[in-house]
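What follows is a single structure, written as structure tokens, with notes after it.
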Amino acid sequence: FIYILDTPGNGSLRLPKDDRKSLGLIQRYFVFQGMFFPNSHFSIEIGVSDISRTKRRLIFSTNTKTIVNHHHHCRIPLSSIPRGLWMNVSFDI
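Per our numbering, the very first residue in the sequence shown carries number 3; after that it's consecutive.
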């Protein structure tokens, strides 16, 4: 799939569109390919559930400076993302 999110301000993409549904992915790795524009912020939120079906969110963001860990979510900084280049970002979930 190819999605272009070059909307000034807040462009967003949600898969699946309904929060109550799941993509049903069981792979350990999630790879995202994209180009991040200079002077723009980027974040990606990945929802996961454990064996007991407890949902948790992993939020990776260029706006976050330090790791913030809460019971149901964790914010992780993306400070080393190069800008203006196509790249693959791999997440080992």
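Ideal Cβ positions, reconstructed from N, Cα and C, are used throughout, including at glycine.
Here the structure is a predicted model, which means the values were calculated and not measured.
| message | Checking 8 Å against the spacing of the C-beta atoms, do F32 and I48 come in under that value? | response | yes
| task | Report yes if the C-beta distance between I95 and I78 is below 8 Å; otherwise report no. | result | no
| Three-state class that DSSP yields for F39 in the structure shown | coil
| task | Return the CA-CA distance between V91 and I69, expressed in angstroms with no decimal places. | result | 18 Å
| field | Boundaries (first-last residue) of the beta strand (DSSP E) holding F62 | value | K57 to S63
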